[in-house]
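Below is one structure; the comments refer to it alone.
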Amino acid sequence: MDLLTLKTWSSDDILATVEEGLSVKHHPERYKDGLTGQTLAMLFQKASTRTRCAFEVGIAQLGGQAVFLDWRTTNFALADIQDEAQVLSRYANVIMARMLKHKDLQSLAEGSEVPVINGCCDRYHPCQALGDLLTMLERQGTLEDVHVVYIGIWNNVCNSLVVACTKAGVRITVVTPEANGPSKDDALIQEARTSGLFAETLDLDTAIADADFVYTDTWIDMEFFMDPAYEAEKNRRVEVFSPYQINQSLLEKTDALVMHCLPAHKGYEVTSEVMAGERCIAIDQAENRMHIQKAILMRLVGPERAS
Ligand code: CP
Numbered sequence: 110m111d112l113l114t115l116k117t118w119s120s121d122d123i124l125a126t127v128e129e130g131l132s133v134k135h136h137p138e139r140y141k142d143g144l145t146g147q148t149l150a151m152l153f154q155k156a157s158t159r160t161r162c163a164f165e166v167g168i169a170q171l172g173g174q175a176v177f178l179d180w181r182t183t184n185f186a187l188a189d190i191q192d193e194a195q196v197l198s199r200y201a202n203v204i205m206a207r208m209l210k211h212k213d214l215q216s217l218a219e220g221s222e223v224p225v226i227n228g229c230c231d232r233y234h235p236c237q238a239l240g241d242l243l244t245m246l247e248r249q250g251t252l253e254d255v256h257v258v259y260i261g262i263w264n265n266v267c268n269s270l271v272v273a274c275t276k277a278g279v280r281i282t283v284v285t286p287e288a289n290g291p292s293k294d295d296a297l298i299q300e301a302r303t304s305g306l307f308a309e310t311l312d313l314d315t316a317i318a319d320a321d322f323v324y325t326d327t328w329i330d331m332e333f334f335m336d337p338a339y340e341a342e343k344n345r346r347v348e349v350f351s352p353y354q355i356n357q358s359l360l361e362k363t364d365a366l367v368m369h370c371l372p373a374h375k376g377y378e379v380t381s382e383v384m385a386g387e388r389c390i391a392i393d394q395a396e397n398r399m400h401i402q403k404a405i406l407m408r409l410v411g412p413e414r415a416s
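What follows is the structure, given as structure tokens:
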């Protein structure tokens with residue numbers, strides 16, 4: 110079993126992993142030998158703070174070890190990706206990869222003889238979405254009747270959040286005037302529309318009125334934010350998305366808590382004031398990445414792993 114996208118995971122897979130994430134968080138001692146002697150290979154084509162550290166610390170807490178590989182200093186950059194993945198899978202029990210393109214992640218998984226986890230690609234961010242369900246569950250005590258409103262650009266984080274919520278019984282409304290090109294997945298949207306839990310609108314005030322959580326993400330991919338060649342597109346996006354900023358005046362219209370997968374571009378999709386405010390739970394989300402990623406590892410390669 111891999112975790113490339115939550116589209117291939119059942120509702121039971123998702124809910125059981127989130128429940129286990131909560132158990133991992135509250136009873137870490139029960140899991141301290143869960144993956145003794147196992148090795149996680151972590152391959153990164155892009156920068157990371159949360160994903161890398163949460164996996165590296167997480168597997169150590171389970172009794173295993175992590176090996177970090179920067180794509181640029183391996184022969185992945187030069188060789189056949191499937192050959193390199195097959196070799197890597199002879200050293201490691203599980204591989205986590207943060208790839209620029211989902212199709213390269215799929216290719217890597219085809220070559221691998223061990224489970225592969227998507228550590229965020231251009232289309233999906235399943236570890237983030239599972240961690241977010243854990244954060245919602247611990248705040249609300251249940252996922253039933255929970256309503257999250259995702260505001261801003263439709264992207265990889267939004268894709269995975271929509272799948273995670275609709276499969277976990279969480280109501281999700283998206284207020285997304287535009288999508289980030291590579292993340293477009295028409296089949297995913299069609300599936301969400303049949304769930305009865307998904308809504309789309311640009312009427313922000315109405316959407317947030319009964320929201321339990323409002324969620325946003327950067328309008329501009331981190332690697333492009335300071336890129337002079339991206340300046341015109343950055344300015345265009347700021348113009349389009351500024352009315353959808355999460356700020357204090359928006360929060361006066363809702364009791365919702367504020368979620369952000371981080372890192373944030375303060376002053377753009379969210380203000381510094383909101384990020385520092387009591388209703389922002391982004392740091393809890395970041396912490397929960399570790400607990401959920403331990404649960405994911407247990408599910409994929411633990412003694413009672415799912416088939
Ligand atoms: N949210 C997230 O995946 O953070 P990193 O890019 O720091 O891993």
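So the numbering used here is basically just the index in the sequence shown, starting at one, shifted up by 109.
The beta-carbon is built from N, C-alpha and C at its ideal position, and this holds for glycine as well.
Bear in mind the structure is a predicted one, so any value in this text is a computation, not a measurement.
Supposed close pair T126, A404 - CB separation, criterion 8 Å:
5 Å
If you follow the alpha helix (DSSP H) that D286 is in, where does it begin and where does it stop?
One point to set straight first is that residue 286 is Pro, not Asp, in the sequence displayed. Run containing P286: none in the alpha helix (DSSP H); it sits in the beta strand (DSSP E), R280 to A288.
Near E253, which residues of its chain fall below 7 Å by C-beta distance, leaving aside the five closest residues on each side in sequence?
Same-chain partners within the cutoff: G278.
Look at the Cβ atom of F322, then the Cβ atom of V272, and state whether they are nearer than 8 Å.
no
Taking its Cβ as the centre, do 16 or more other Cβ atoms sit within 10 Å of F177, making it buried, or is it exposed?
exposed
Just to confirm the assignment, what range does the beta strand (DSSP E) spanning H256 have?
H256 to W263 is the extent of the beta strand (DSSP E) around H256.
On the DSSP bridge list, what partners appear for C205?
Inspection of the sequence shows that residue 205 is occupied by Met rather than by Cys. Its beta-bridge partners are M151 and I226.
Report the partner residues of F307 according to the DSSP bridge assignment.
I281
In this structure, how does DSSP classify L144 when only helix, strand and coil are distinguished?
coil
Which whole-angstrom value is the C-beta distance of Y353 and I260, which I expect to be below 8 Å?
5 Å
CA nearest to the CA of G376, picked from G411, A156 and T327
Minimum Cα distance to G376 is reached at T327.
Whose C-alpha, out of A194, M368 and S157, is nearest the C-alpha of I392?
M368
N-terminal and C-terminal residue of the alpha helix (DSSP H) that M368 is part of:
That residue, M368, is in no alpha helix (DSSP H); its beta strand (DSSP E) goes L366 to H369.
List the residues that DSSP assigns as beta-bridge partners of C389.
V367
State the beta-bridge partners of L178 as determined by DSSP.
L152
E129 classed as buried or exposed, judged by whether at least 16 other C-beta atoms fall within 10 angstroms
buried
Suppose contacts are defined by Cβ-Cβ distances below 8 Å. Is S292 in contact with D364 by that definition?
D364 sits away from S292, with the two beta carbons spaced by 8 Å or more.
How is the beta strand (DSSP E) around Y233 delimited, first residue to last?
No beta strand (DSSP E) holds Y233; DSSP gives it neither H nor E.
If you reduce the DSSP assignment to three classes, tell me which class L112 lands in.
DSSP places L112 in strand when its eight states are reduced to three.
When the distance is taken between beta carbons, is R388 closer than 8 Å to L359?
Taking 8 Å as the Cβ cut-off, L359 and R388 do not qualify as a contacting pair.
Is it right to say K276 is buried, meaning 16 or more other beta carbons lie within 10 angstroms of its own, or is it exposed?
Here K276 is buried, its C-beta having at least 16 other C-beta atoms within 10 Å.
From A175, L171, T244 and Q154, pick the residue whose C-alpha is nearest to that of N184; which is it?
Q154
Here's the rule I'm using: 16 or more other beta-carbon atoms within 10 Å means buried, otherwise exposed. How should L409 be labelled?
buried
Pull up the distance between the alpha-carbon of Y140 and that of G173, whole angstroms please.
11 Å
Just to confirm, is the Cβ distance from E287 to V349 under 8 Å?
yes
Output the distance between the C-alpha atoms of E193 and F307, rounded to the nearest integer angstrom.
Using only the alpha carbons, I get a separation of about 40 Å.
Please list the terminal residues of the continuous alpha helix (DSSP H) segment that includes F333.
Run containing F333: none; DSSP gives neither H nor E here.
If distances are taken between C-alpha atoms only, which option among E219, C274 and Q215 comes closest to I123?
Per the Cα distances, C274.
Can you tell me whether D336 is buried or exposed? The criterion is at least 16 other CB atoms within 10 Å of its CB, across all chains shown.
A residue is called buried once 16 or more other Cβ atoms fall within 10 Å of its Cβ, and D336, having fewer, is exposed.
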